[in-house]
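Just below is one structure, and these are the notes that go with it.
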Amino acid sequence: MEEHPHHIPLLMMADVIHGYRTVFPIPLALGASFHPELVEKAMTMAAAEAASAGLHVTFSPMTDLVRDPRWGRSEECYGEDPVLCARQAQAAVTGCQGAGVPVVAKHFCAQGETTGGVNASAARIGPRELREIHLPPMKACCEAGVEGVMAAYNEIDGVYCHANRELLQDVLRGQLGFTGAVMADGTAIDRLDGLTGSHAASGALALASGVDISLWDQGFAHLEEAVEQGLVSEKELDRAVLRVLELKFRQGL
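Numbering follows the numbering used here, in which position 111 of the sequence shown is assigned residue number 111; successive positions increment by one, without gaps.
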């Protein structure tokens with residue numbers, strides 16, 4: 001607050017996946033309960049404990065479906081069925097945000113559709129599989145009023161999610177009705193350097209595609225340079241900044 005030129009506070013964020021001080025079963029076990037009301041109660045308590053420690057936002061629930069048991073992040077998911085995962089994820093959002101902690105649901109989209117069980121590998125699927133299998137959990141989160149969505153590391157049909165304007169804007173905002181802030185996964189924007197050739201160009205590509213908040217990367221640190229080079233417009237930057245400020249405003253910051 002003292003160092004920031006406009007005295008705007010930080011958002012304190014963390015993974016609160018299956019409890020904060022009180023530890024609940026992992027999401028895969030919560031999913032096996034087939035009990036959305038119980039998930040909502042658990043996440044309400046977890047969010048209340050997190051808020052008491054000064055956290056403003058949580059990166060949970062995970063909306064990915066387990067499509068390959070070799071995938072190393074299977075335990076973070078609610079299961080393999082889109083209807084089950086949608087109901088449990090929706091309950092988690094309702095519980096967390098009802099306790100005053102905004103949710104960044106993750107990952108958008110289809111990160112569980114791995115190649116050979118390797119995390120962040122390509123999702124070789126078509127539009128029908130995307131919509132029928134992978135979109136329902138995030139759609140349910142949007143219907144619950146989720147305030148944040150995290151983009152996925154993987155590519156879908158050859159296009160990286162962090163650079164997929166159709167996915168992050170046309171589908172997420174236009175069709176699912178999402179109105180909050182889209183967040184990058186850790187260092188994901190810098191992984192676009194192989195496509196763009198520079199941090200500035202990667203930041204510009206992600207921002208123009210619909211990413212509003214970065215995580216641990218250099219790309220967004222070069223956005224001023226990207227605007228000066230004409231790689232992205234100041235209007236697009238203002239749009240992302242506004243979404244972050246609105247989130248802070250709703251949190252009373």
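In this text, a Cβ means the ideal position worked out from N, Cα and C, and glycines have one as well.
Item: C-beta contact flag for Q111 and Y78 at 9 Å; Value: no
Item: Test item: CB-CB of T94 and E40 under 9 Å; Value: yes
Item: Cross-strand partners of K106 (DSSP beta bridge); Value: M62, M150
Item: Nearest-angstrom Cβ-Cβ length linking A188 and H162, presumed shorter than 8 Å; Value: 5 Å
Item: Beta carbon of A50 nearer than 9 Å to that of V101; Value: yes
Item: Opposing strand residues paired with I156 [DSSP bridges]; Value: A123, V159
Item: Other residues of its chain near Q169: CB distance less than 8 Å, five sequence neighbours each side excluded; Value: S209, G210
Item: Backbone CA spacing between A204 and E234 [nearest angstrom]; Value: 11 Å
Item: Residue span of the alpha helix (DSSP H) that contains A200, given as start and end; Value: 199-209
Item: Collapsed DSSP secondary structure at I213 in the structure displayed; Value: strand
Item: Between the CA atoms of S60 and I125 - distance to the nearest angstrom; Value: 25 Å
Item: Span separating the alpha-carbon of E2 from that of D15; Value: 27 Å
Item: Limits of the unbroken alpha helix (DSSP H) element including V93; Value: 82-98
Item: Residues near T44 in its chain [Cβ-Cβ closer than 8 Å; skip 5 each side]; Value: G95, C96, G98, A99
Item: Between the CA atoms of V66 and G252 - distance to the nearest angstrom; Value: 37 Å
Item: One or two residues paired with M283 in a DSSP bridge; Value: Given that the chain is displayed from residue 1 to residue 253, the structure contains no residue 283 and the question cannot be resolved.
Item: Exposure of E166, with buried meaning 16 or more beta-carbon neighbours within 10 Å; Value: exposed
Item: Contact belief for A206 with P137 at Cβ below 8 Å, rounded distance in angstroms; Value: At roughly 23 Å, the Cβ-Cβ gap does not stay under 8 Å, so A206 and P137 are not in contact.
Item: Rounded C-alpha distance that separates V330 from A32; Value: Only positions 1 to 253 of the chain appear in the structure, and residue 330 is not among them; the question remains open.
Item: Counterpart residues of A181 in DSSP-defined beta bridges; Value: G148
Item: Beta-bridge pairing of T115 - partner residues as DSSP gives them; Value: V118
Item: L195 to H56 span [Cα, whole Å]; Value: 34 Å
Item: Extent of the continuous alpha helix (DSSP H) run through R250; Value: 234-250
Item: Span of the alpha helix (DSSP H) around A221; Value: Where A221 is concerned, there is no enclosing alpha helix (DSSP H), given that its DSSP letter is neither H nor E.
Item: Continuous alpha helix (DSSP H) stretch holding A188: start and end; Value: Unbroken run through A188: none, as it is neither H nor E.
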